[in-house]
Amino acid sequence: MSTNQIEKRILNQKVRLILDFPYWGVAAANLEVIADPACKTFYTDGEVIGYNPEYASSLDDEELLGVLAHETQHVISGHCFRGIGKNPEIWNEACDYPVNSLCIENGMKLPKGILLNPEYGKKFAEEVYYLLCQQQNETQSAKPDGKQNAGCENQSSTASPQSSGADSNTSQGDQSDTDRNETTPTDSSDPEGSKPSVQPYIGEVRQNPDETLPEKWKQITLGAARIAAGKGKLPGGIKRAFMEVCAPDVDYKSLTYMFMHTVSQNDYSWRKANLTYLYQGFYAPSLTDESLGPIVFANDCSGSVSDFQMGEAFNLIKRLHADTRPERLTILHFDDKINNIEVYERNDLIDKMVPIGTGGTDFRPIFEQISTDDSPIAGLIILTDLEGTFPEIQPEYPVLWLCNKRNVTAPFGQTVYLDTRN
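Numbering (full-length UniProt numbering), first residue to last: 1 to 422.
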């Protein structure tokens, strides 16, 4: 099939998307579709949808329609703007689970070999990302030779397209079997031999650093939703996608507990929930041993964090201290310097926090203060908007950034996003 022929087929499906699925169709109208033989399948960067002509020719019209919706949903969900600083393969995989689930839920046909998992399908991409990272860490720690591959963080998101496929090396068989929870490759070759073998992924999410695009796409998404709703064609399950792009505040409490789990030597049991906090809307592990080392919480007092957000973070830290019982909790209140230090031992009660500071933001004093302590820490949690001066050298201990601003990522460590609506 010639390039002109496949281009015409894609254009026809783009028009059909507007008519039959206006939510995706109206949004896709804002994305230029270009032929790119250098890519393996499809990709999007928030401005274009690129495709490999040979691969696109191997798809039937229904699959082309589904892939266009798939790529458009990646942009709608902000996946092209939220993965900077993350491992690109794992981020692509994490983004594909909810997007594929949404497409299949609305009757789309996707190429064979896609990722489907009921456990991940209704989660935000960041949450799936950290779950996948946790699985990878557990797998690597179990290796007899002790060798590990690249971790989840500090991986360039500008890797070559071929090295960061959306579905990585794990794939689902025929997507019609949506209840399966497998992530190992299955033989889904075309029995008639008319199509090439299953591709490792059907589309790549490329990161775009343009800071204007997230807000632009939020407005495009709202407009597309209004048009689709007016026609009675708003896709099912779209409320979940709306939450991701318009109120994209993942359950940071659960993610913070996951972080504590990874830095702890304790035997946490994620199979046995801490019932104290289940009713509050987030899942916390039970603790069976006391061996968690010192933890540091750094509180940005420069004025960029609201009182509400600071209070929410403080309540979370109190729960973490009571639940995980670190050897010591040190709270550093900082702006461009350390203004106040609070220290709590394992059995202390934390009544209140005394934030002090109004200046600019410099993260370096935090790490300098920690380096003066002879006792190594198990991990560092920082509440901030990520606008400040970072240290040139990455610390050896784990760092979790609780950020109240979307679409920014710390240069190292894990970034989790707070509720920014207050």
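Beta carbons: idealized from backbone N, C-alpha and C, even for Gly.
Distance from the Cα of Lys405 is smallest, within the candidate group Ile356, Arg16 and Leu383, for Leu383. Under the 8 Å Cβ criterion, the segment 214–233 does not count as touching the segment 48–66, having fewer than three qualifying pairs.
Taking a C-beta distance under 9 Å as the contact criterion, Pro376 and Ile338 do not qualify as a contact pair.
Where Glu63 is concerned, the enclosing alpha helix (DSSP H) starts and stops at Asp61 to Ile76. Under the DSSP definition of a beta bridge, Asn299 partners with His333 and Leu383. Per DSSP, Gln5 has no beta bridge partner at all.
Taking a cut-off of 8 Å for Cβ pairs, the segment 326–335 and the segment 359–373 touch, as three or more such pairs fall below it.
Of the candidates Asp385, Gly25 and Asn12, the residue whose Cα lies closest to the Cα of Gly303 is Asp385. Contact between Asp45 and Asn208 is confirmed by a C-beta separation of about 5 Å, below the 8 Å threshold. Taking C-alpha positions only, Pro118 is separated from Trp91 by approximately 18 Å.
Rounded to the nearest angstrom, the Cβ distance from Gly78 to Pro214 is 6 Å, consistent with a contact under 8 Å. Ranked by how close their Cα comes to the Cα of Gln136, the residues Asn12, Glu89 and Gly311 have Glu89 in first place. The residue among Gly230, Gln394, Arg206 and Thr361 with its C-alpha nearest the C-alpha of Ser371 is Gln394. In this chain, the alpha helix (DSSP H) harbouring Ala56 covers Pro53 to Ser57. Distances from the CA of Met108 to each of Tyr130, Glu138, Val67 and Thr139 were compared; the closest alpha carbon is that of Val67.
C-alpha of Asp20 to C-alpha of Lys233: approximately 8 Å in a straight line. Contact annotation, Arg328 with Val305: C-beta distance approximately 24 Å; criterion of less than 8 Å not satisfied. For Glu345, the enclosing beta strand (DSSP E) covers residues Ile338 to Glu345. With contacts defined as CB atoms closer than 9 Å, Arg82 and Glu127 fail to qualify as a contacting pair. Sixteen is the threshold: when 16 or more other Cβ atoms of the shown chains lie within 10 Å of the Cβ of Lys86, as they do, the residue is buried. If you ignore the 5 residues before and after Thr415, its C-beta comes within less than 6 Å of the C-beta of Trp401, Cys403 and Thr409, all in its own chain and listed in chain order. A direct Cα-to-Cα measurement between Asn315 and Asp373 gives close to 26 Å. Look at Arg206 here: in three-state DSSP terms it is coil, with no helix or strand label.
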